[in-house]
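If you want our numbering, it's the position in the sequence shown, counting the first as 1, plus 19.
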Amino acid sequence: MNAMSTSLRIGAWRGLVELRQTFLNRQDLMAVLIPSISLLVALFLMRDGKIGPTGFSLGAATLPGALGMNIVFTGITGLAQTLVVEREDGTLLRAKATPNGMLTYLVGKVVGVSIAAIVGLLLLLVPGSFFLDGLALNSVGAWLELLGILVLGLAASLPIGAVFGSLFSNPRSFGVIMLPIIALVAISGIFYPINDNPAWLQGIAQVFPIYWLGLGMRAALLPDNLSVIEIGESWRHLETVGALAAWALIGIFVAPIVLRRMARRESGSSMNERREKALQRVN
Numbered sequence: 020m021n022a023m024s025t026s027l028r029i030g031a032w033r034g035l036v037e038l039r040q041t042f043l044n045r046q047d048l049m050a051v052l053i054p055s056i057s058l059l060v061a062l063f064l065m066r067d068g069k070i071g072p073t074g075f076s077l078g079a080a081t082l083p084g085a086l087g088m089n090i091v092f093t094g095i096t097g098l099a100q101t102l103v104v105e106r107e108d109g110t111l112l113r114a115k116a117t118p119n120g121m122l123t124y125l126v127g128k129v130v131g132v133s134i135a136a137i138v139g140l141l142l143l144l145v146p147g148s149f150f151l152d153g154l155a156l157n158s159v160g161a162w163l164e165l166l167g168i169l170v171l172g173l174a175a176s177l178p179i180g181a182v183f184g185s186l187f188s189n190p191r192s193f194g195v196i197m198l199p200i201i202a203l204v205a206i207s208g209i210f211y212p213i214n215d216n217p218a219w220l221q222g223i224a225q226v227f228p229i230y231w232l233g234l235g236m237r238a239a240l241l242p243d244n245l246s247v248i249e250i251g252e253s254w255r256h257l258e259t260v261g262a263l264a265a266w267a268l269i270g271i272f273v274a275p276i277v278l279r280r281m282a283r284r285e286s287g288s289s290m291n292e293r294r295e296k297a298l299q300r301v302n
């Protein structure tokens, strides 16, 4: 077994172990459950609302977009926050000091965040299916399409998270990452049709993966006739795949470059400097 396959295997195992520790830690577990429970409550309250003349449940139409939003949040912020925190506490430096340590470290983070995203998806989809009518959950094709969009969404989101996590060294600056993501969610048609936005806002939303993830999830889980509420009255399958694949390819090219530059700058002195600044802020 060569060094590469060994690193991949150890990294995957590390990701599973860290994920298990997350679910055994009450504080971390609450951080996973509370957002999902809050969204479920909101969807439950929206279940009797209707989308215009279609008569379709507003809650059921919103659920797929919420699933896409959850994937983006987990993929980007989950990986970015981990990288920022573990740069400060020295975990990243220790990984750098071991043979193939960075590869093992990153594989572990990707595996852990990806599984966390899947768990978050199921936490919304499974309970939501019991009180929201009209979801296309009895079709093998729908599940395959959902799986495909999930994989593409993670491939598009995780490299962005790695880039953000490499650019910021202070966990307290994490709001800089969150604010633009929240703004994009607001204009990406997650909780209401994007057609309600001005044309220039629609254009901005379509540049980023949040809109396409939401659209892909709606295409997989909603009846075909609901496409009338979308731009062009179509699910735009090819455009969705193309946009998410483009973001994934850009991220796969850019993220390793940024990560390598970040890893080269990591040293004991830089970590101690960040720690001293953190202590000064506390004092």
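Glycine included, C-beta positions come from ideal geometry on N, C-alpha and C.
Since the model is a prediction, treat every value here as computed from it, not as a measurement.
Check: Beta-carbon contacts of GLY151 that lie in its chain and below 7 angstroms, excluding the five residues immediately before and after; Outcome: The identity of residue 151 in the sequence shown is Leu, whereas the question assumes Gly. For LEU151, where only same-chain residues beyond five positions count, the Cβ hits under 7 angstroms are LEU62, ARG66, SER76, GLY78, ALA79 and LEU82.
Check: Neighbour-count burial assignment, ARG39, 16 or more Cβ in a 10 Å radius; Outcome: exposed
Check: Reference ILE134; option with closest CA among LEU154, GLN100 and LEU177; Outcome: LEU177
Check: LEU27 to GLU164 span [Cα, whole Å]; Outcome: 27 angstroms
Check: CA-to-CA distance, GLY97 to LEU143, given in whole angstroms; Outcome: 18 angstroms
Check: Cβ-based burial, MET23 [other Cβ within 10 Å; buried from 16]; Outcome: exposed
Check: Where SER158 sits in the DSSP three-state scheme; Outcome: coil
Check: Neighbourhood of ASN21 by C-beta distance below 8 angstroms, restricted to the same chain and skipping five residues each side; Outcome: none
Check: Contact between the region 101-116 and the region 253-266 (3+ Cβ pairs under 8 angstroms); Outcome: no
Check: Neighbourhood of GLU105 by C-beta distance below 6 angstroms, restricted to the same chain and skipping five residues each side; Outcome: LEU111
Check: For LYS69: DSSP bridge partner residues; Outcome: SER76
Check: Collapsed DSSP secondary structure at PHE150 in the structure displayed; Outcome: helix
Check: Proximity of PHE227 and LEU257 at Cβ, strictly below 8 angstroms; Outcome: no
Check: PRO242 to GLY233 span [Cα, whole Å]; Outcome: 15 angstroms
Check: Buried versus exposed call for LEU125 [16 or more other C-beta atoms within 10 Å across all chains shown]; Outcome: buried
Check: PHE183 versus ASN89 - alpha carbon distance; Outcome: 18 angstroms
Check: C-beta contact flag for ILE229 and GLY87 at 8 angstroms; Outcome: yes
Check: Where SER185 sits in the DSSP three-state scheme; Outcome: helix
Check: Close Cβ partners of ILE95 (< 7 angstroms) along its chain, the five nearest in sequence each way excluded; Outcome: SER176, ILE179, GLY180, PHE183 and ILE200
Check: Segments of 4+ residues assigned as alpha helix (DSSP H) that fall wholly inside the region 223-281; Outcome: 228-240
Check: Contact under 8 angstroms by Cβ, MET121 with ALA282; Outcome: yes
Check: LEU171 and ALA274 closer than 8 angstroms at C-beta; Outcome: no
Check: Span of the alpha helix (DSSP H), counted from its first residue to its last, around THR101; Outcome: 98-107
Check: C-beta contact flag for ILE213 and ILE250 at 8 angstroms; Outcome: yes
Check: Cβ neighbour criterion (16 or more within 10 Å) applied to PHE92; Outcome: buried
Check: ILE209, DSSP secondary structure in three states; Outcome: coil
Check: Inter-residue spacing [alpha-carbon to alpha-carbon] between VAL301 and VAL195; Outcome: Its pLDDT being 49, under 50, VAL301 is placed unreliably by the model, and the measurement read from it follows with that caveat. Roughly 21 angstroms between the two C-alpha positions.
Check: Contacting residues, own chain, Cβ-Cβ under 6 angstroms from GLY30 (five flanking each side not counted); Outcome: THR123, VAL126 and GLY127
Check: Helix, strand or coil at PRO54 according to DSSP, with G and I counted as helix; Outcome: helix
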